[in-house]
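Here the working numbering = 1-based position in the sequence shown + 92.
Don't be surprised by glycine CBs; every beta carbon is placed ideally from N, CA and C.
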Amino acid sequence: MALLEIKTAGDPVLKKVCAPVTKIDKRLRRLLDDMAETMYASDGVGIAAPQVGESIRVCVVDVDTKSHNERYDLINPVITYREGSVVDNEGCLSCPDLFGDVERAAKIRVEYTSRFNKKKTLEAEGLLARCIQHELDHLDGKLFIDVAKNITKGRPNKKTED
Ligand code: CO
Numbered sequence: 093m094a095l096l097e098i099k100t101a102g103d104p105v106l107k108k109v110c111a112p113v114t115k116i117d118k119r120l121r122r123l124l125d126d127m128a129e130t131m132y133a134s135d136g137v138g139i140a141a142p143q144v145g146e147s148i149r150v151c152v153v154d155v156d157t158k159s160h161n162e163r164y165d166l167i168n169p170v171i172t173y174r175e176g177s178v179v180d181n182e183g184c185l186s187c188p189d190l191f192g193d194v195e196r197a198a199k200i201r202v203e204y205t206s207r208f209n210k211k212k213t214l215e216a217e218g219l220l221a222r223c224i225q226h227e228l229d230h231l232d233g234k235l236f237i238d239v240a241k242n243i244t245k246g247r248p249n250k251k252t253e254d
């Protein structure tokens with residue numbers, strides 16, 4: 093596996109609508125593994141292919157920051173159901189040190205293809221739902237700073253820890 097260079101805001105690849113994946117092969121699985129390694133090395137909970145310069149509809153998420161045990165590799169993901177709405181603070185590996193509040197659906201259902209070419213459905217809520225919505229925005233060339241409110245440099249002070 094290898095660490096990949098993370099593209100930051102201002103790089104045109106982050107503004108492009110990504111193309112669907114048509115071939116799931118060893119090369120793609122290696123990209124997914126390299127993306128995961130890059131995400132873990134940067135303490136991220138999600139990473140999308142355009143963030144490493146690949147304009148294809150692929151992302152990796154893992155909200156288990158302690159043991160990295162909830163990894164999902166999402167190929168051609170599509171959100172087919174949304175429910176509710178929650179505002180919470182987000183950051184992004186492509187926008188170093190910026191944080192802001194973003195409104196997202198509280199619960200989602202996402203359909204995707206697995207790294208072994210199986211059709212899958214995932215229901216998510218909480219941080220996982222937020223993370224998937226953030227990564228899917230990347231696949232459409234959108235950055236969270238384009239929609240976030242109360243953007244701060246540095247993580248804002250947490251009011252309560254629960
Ligand atoms: Co991001």
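Continuous beta strand (DSSP E) stretch holding residue i: start and end
i	result
I139	138-140
E195	190-196
D180	178-182
Reference residue i; option with closest CA among the options
i	options	result
P112	N242, M93, Y204, S186	Y204
S159	Y132, R174, C184	Y132
G136	A240, I224, L231	I224
Residue i versus residue j: straight-line alpha-carbon distance, rounded
i	j	result
E195	H226	10 Å
C187	K210	33 Å
A141	D238	19 Å
D180	A128	24 Å
D156	G233	26 Å
A216	P169	13 Å
I243	A101	15 Å
Y173	V109	21 Å
G192	L228	18 Å
L124	L220	18 Å
V202	L106	22 Å
S147	D103	12 Å
R163	K199	18 Å
Bounding residues of the alpha helix (DSSP H) (the contiguous stretch that carries residue i)
i	result
G272	With the chain covering only 93 through 254, there is no way to say anything about residue 272.
E129	118-133
Beta carbon of residue i nearer than 9 Å to that of residue j
i	j	result
E97	V144	yes
F208	I116	yes
G183	R247	yes
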